[in-house]
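Chains as they are written, first to last, in the numbering used here: chain A, 202 to 699; chain B, 202 to 699.
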């Protein structure tokens, strides 16, 4: 990661383009609010544009009524400032947008980059808490203001969806496989790509999004949809019916008949008798066809017609035929209905098949569920009991439906070494002045106890020394802590020329 | 608009790259779910990949518990298919993602474009309703499946935010100025750019987003932030104090003193006496400095310290000084507190200034409000009474906070002229089979009465002829309509080679 490399000191500002451009080519210095430019002009006119300013980027409240946030988006911010430079056509556009500004201002804009800017940040992927700056940005006030909107745009959603993914992981539990399926419902194409990336950072195992897989090396997953199932009219559509065995030692010339024979055996099995009658033939054709294409990774969506009376028996017929040829079917996906009930019934069916036909391990065949899942529905499934191994989560994960925005802000805390504050009748909106240092204090058992902020020049907390930690706004909240380990939270990710 | 051009027949498929690429360069044929490729392979293996399929793209329920949706995203879909072609490196990535697929499949993928695809759609920006297809996509089943995810990704959020913007316009009323301020809170950079574009389509007047302004020709707006105000320490920071008059006829060498004199006059005015005492000098310096930079477009954020006791009097002092020099101040922005009360008090203050100092029109000075606004808060302001002229709306608009996703789906309705259906225990999830024609029927007064769908070969409704319209799922909902005007809803936007 570019940002990590910078933190390790491997790459320095001006090191010859070592930091790649932002992933999304639309992230340019114009991706900002117009007022950043009108302010820059006013600063420039007043001769204040080089005033050394310090801004904190922080949030006021963890999302989803939760107690933590996971910080995401830092690498993209570093990529952005490492490549921050206006193109001539961008300057020309700004001239039309701000027609009353003097030429000298546009010459100034043309000249700026981020070599005078310093960025300190908490490492991406860390658990972070309200009010403590995730990033401290120091530099000429006009330049740092131009970074406000792109930084917030790169951090707000990234942190929100990383946090959302981490919360889904916590409720699903470590052993479950979590798949991000949200591209089609995300807020625009880049929303989808960011969602895949930051869901993976937040603890997901894979995505359906091919572009994100390619860009970020995330494992990608996917099999087929309902449309695939309903596109088949019947088994006679399958022309090439041959399948070679897994080890290549033999070939079944008519895999379709093998499947049909297995379906008859399942229908006749005493332990399954009466649970279903005729299955849907277009579905059976689709499953068979898919298995012929992917004998090594057969996973079937079983709810196009009827899960227990058609989808699961059809799947088992194909899976047992594959088993004859030395292939192990992966499993099924449920995309509608009562997922707790259907997963339990499906598991029973799989176990009955294992017992009836002596196929060792068949009872453990994977069950994926994927219908409008979110934290609450997974929690409800856990409480009811279920047999789902993998969750495919889309809309609620990627749009952060329960809270669609994180309110990170970017506040001036110091200018020319003078502390600055934003007052407000709402005490939670009052900013905390001064350039800060931030520490995470750990207790005896190795767990973090508290994050504290100090002024830049105050002594740092020491291991074994008692320190009084005070809540910044609630006077009664205070505690003495004797840290066993002290971690400085913000590291330098962009040293500028300093 | 490219799409409109296509509908007019100006541009044809294969017309030599006449349709530009998607706005976001990240929108490539890989921006799709992996299962579209695994299905394509299974179709190809089964020799079914060229089967002629018809898919409907539609939604099941209007968002925000509302009665309408505004369709957005069509132009980007057309740009996407007009340029649909895999690059060699994309094919190479797919080979690694699907290692068991045969070479012939990747050769097939390399060869495909959308020249065999036809797209019919309702014009972008139209009011649309559940179940009626927004787009009908016909073509080889494997190719059309590859379009599913990118089309949904381009349409879902676009339509959602266009609808959200239109709803904000309806509640705010036509005369109000609506400004989209959401970039920093949007779901990623492209979410921000799309939000600006589609908010404008939905009835907003301008955006703060410079990049969106440049890309789409949307008017851009912006002045300054709280940080600008708090970055000033006092009036002695202002070095260049001179301001030429609007007509260039004279020059004020010390505009700062002119402002200070006006502040004293306002403080002494009988009609304003006692409403405030000393104002904040760092704020006064910031306002004065901003006015020196933008004398023609002075708009001040007045809530950094105290709206009525500092921000508004300081603004008026600067505005009256500008007035002396022939400039008309634009107005103020409120970003916190009780917006109804503060806007009314500010209006009273402006009117008192107009009367006290005889500055005609000063009472009508613009008041912008911008603190976490949404449909409900604007409605509440309307009910309380307020004096806001312009609303700046961010988070709730661009993230569609009240409902963060629209559930457009893409369903197979016909293959090789055979109707296909997706069944479900949930009747609202059952798809409506067959390729359709869709009409909007208008009544005597020129208002639309109903949208109806017919089979492709059924006779179309005729003006003046009674027709029975039936709800597709609720049998008791039916009505006879005698249309005075019949509009075919879907037009051909991409004719392929046909």
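Ideal Cβ placement from N, Cα and C applies to all residues, glycine included.
Computed from a predicted structure; not experimentally measured.
Of all residues in the stretch 419-439 of chain A, those with a C-beta nearer than 9 angstroms to a C-beta of chain B are 421, 422, 423, 424, 425, 426, 427, 428, 429, 430, 431, 432, 433, 434, 438 and 439, reading in chain order. Within chain A, the residues whose beta carbon sits less than 8 angstroms from that of residue 495 (chain B) are 239, 242, 243 and 301, listed in sequence order. Here the alpha carbons of residue 525 (chain B) and residue 617 (chain A) stand approximately 34 angstroms from one another. Think of a sphere of 7 angstroms around the beta carbon of residue 613 (chain A): the chain B residues whose beta carbon falls inside it are 428, 431 and 432, in chain order. Just so you know, the alpha carbons of residue 517 (chain B) and residue 569 (chain B) end up roughly 15 angstroms apart. For the pair residue 464 (chain A) and residue 453 (chain A), the CB atoms are not nearer than the 8 angstroms cut-off. Contact between the stretch 232-249 of chain B and the stretch 674-688 of chain A is absent, with fewer than three C-beta pairs closer than 8 angstroms. Contacts between residue 506 (chain A) and chain B, judged by CB atoms closer than 8 angstroms, involve 624 in chain order. Using a Cβ-Cβ distance cut-off of 8 angstroms, the stretch 503-515 of chain A and the stretch 546-553 of chain A are in contact, since at least three pairs of beta carbons, one from each stretch, lie closer than that value.
With its beta carbon less than 8 angstroms from one in chain B, residue 231 (chain A) belongs to the interface. Take the alpha-carbon of residue 386 (chain A) and the one of residue 473 (chain B): they are about 54 angstroms apart. Comparing C-alpha distances from residue 531 (chain A) to each of A:313, A:669, A:424 and A:658 shows the shortest one belongs to A:424.
Along the stretch 269-294 of chain B, going in chain order, the ones with a CB nearer than 7 angstroms to a CB of chain A are 294. With a threshold of 8 angstroms between beta carbons, residue 643 (chain A) makes no contact with chain B. Taking residue 637 (chain A) as the centre and dropping the five residues before and after it, the same chain places the C-beta of 654 closer than 6 angstroms to its C-beta, in chain order.
Taking a C-beta distance under 8 angstroms as the contact criterion, residue 606 (chain B) and residue 364 (chain A) do not qualify as a contact pair. In the displayed model, residue 335 (chain A) falls within coil according to three-state DSSP, outside both helix and strand. According to DSSP, residue pairing for residue 591 (chain A) in a beta bridge involves A:378 and A:569.
Around the CB of residue 440 (chain A), fewer than 16 other CB atoms lie within 10 Å, so the residue is classed as exposed. In this structure, the straight-line span from the alpha carbon of residue 495 (chain B) to that of residue 301 (chain A) is close to 7 angstroms. Spanning the alpha carbons of residue 334 (chain A) and residue 315 (chain A) requires a straight line of approximately 20 angstroms. Residue A:558 holds the alpha-carbon nearest to the alpha-carbon of residue 469 (chain A) among A:535, A:558 and A:482.
For residue 278 (chain B), the uninterrupted alpha helix (DSSP H) run begins and ends at 275-283, by DSSP. Listed by position along chain B, the residues whose Cβ is nearer than 9 angstroms to that of residue 394 (chain A) are 227, 232, 389 and 391. If you look at residue 628 (chain A), you'll find it isn't in any alpha helix (DSSP H); DSSP assigns it neither H nor E. Nearest CB-CB separation between residue 357 (chain B) and chain A: below the 8 angstroms threshold. For residue 322 (chain A), no CB of chain B lies under 8 angstroms from its own CB, so it is not counted at the interface with that chain.
In this structure residue 292 (chain B) touches residue 307 (chain B) by the C-beta definition: roughly 5 angstroms separates them, less than 8 angstroms. At a cut-off of 8 angstroms between beta-carbon atoms, residue 512 (chain A) makes no contact with chain B. For residue 247 (chain A), the nearest CB of chain B lies under 8 angstroms from its own CB, placing it at the interface with that chain.
With the rule of 3 Cβ pairs closer than 8 angstroms, the stretch 412-428 of chain B does not count as touching the stretch 409-423 of chain A. Assignment of residue 670 (chain B) by DSSP, reduced to helix, strand and coil, places it in the strand class. Put simply, the CB of residue 538 (chain A) is near chain B, with a gap under 8 angstroms to one of its CB atoms. When 7 angstroms is used as the limit between beta carbons, residue 619 (chain B) is near these residues of chain A: 434, in chain order. Relative to the Cα of residue 594 (chain A), the nearest Cα in the group A:571, A:615 and A:586 belongs to A:571.
Here the alpha carbons of residue 651 (chain A) and residue 681 (chain A) stand approximately 11 angstroms from one another.
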